[in-house]
Amino acid sequence: MTEKEELNVEDIAPGLIVRHTSRKIGDLTPEEARRKLIAGEISFSEFVDQAGPEYREILEFMTEYDLHPGRPQEVLHCIECYAAGREKERLKRQLARLYDTEDRKAS
Numbered sequence: 259m260t261e262k263e264e265l266n267v268e269d270i271a272p273g274l275i276v277r278h279t280s281r282k283i284g285d286l287t288p289e290e291a292r293r294k295l296i297a298g299e300i301s302f303s304e305f306v307d308q309a310g311p312e313y314r315e316i317l318e319f320m321t322e323y324d325l326h327p328g329r330p331q332e333v334l335h336c337i338e339c340y341a342a343g344r345e346k347e348r349l350k351r352q353l354a355r356l357y358d359t360e361d362r363k364a365s
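Residues in the sequence shown are numbered from 259 upward in steps of one, following my numbering.
Below is the structure:
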């Protein structure tokens, strides 16, 4: 029996995003950290550890609404629907920075 087969139904939470893990991933460049977050290879907390707290608000928003960073259009739609005023603009800026290719070239 594989590890996945041994899990009980109670152990499975569809769509759950990993928020924290104790594994050691080493130092990543901001570009590597963004790529790995978007690909689902590292958790939000690992990303913040690597990239710094400047993305914390967008990551908390994605966690609250169970959104995946690999689906930016879905995240943007939820920002439009659920955020207001300055929060909406701040979240949009953070989301844009998460996918900013110019920032990646400067690294």
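Quick reminder that beta carbons are idealized off the backbone N, C-alpha and C, glycines included. Model, not experiment: these values are computed from the prediction.
Put simply, the backbone Cα of V306 is about 25 Å away from that of C339. Excluding residues up to 5 positions away in sequence, E312, Y313, E315, I316 lie with their Cβ nearer than 8 Å to the Cβ of Q352 in the same chain.
Counting only residues of its own chain and dropping the five nearest sequence neighbours on each side, L356 has a CB closer than 7 Å to the CB of R292, Y313, I316, P327.
Distance from the CA atom of E290 to the CA atom of M320, rounded to whole angstroms, is 20 Å. Under the criterion of beta carbons closer than 8 Å, A341 and L349 qualify as touching, at roughly 5 Å.
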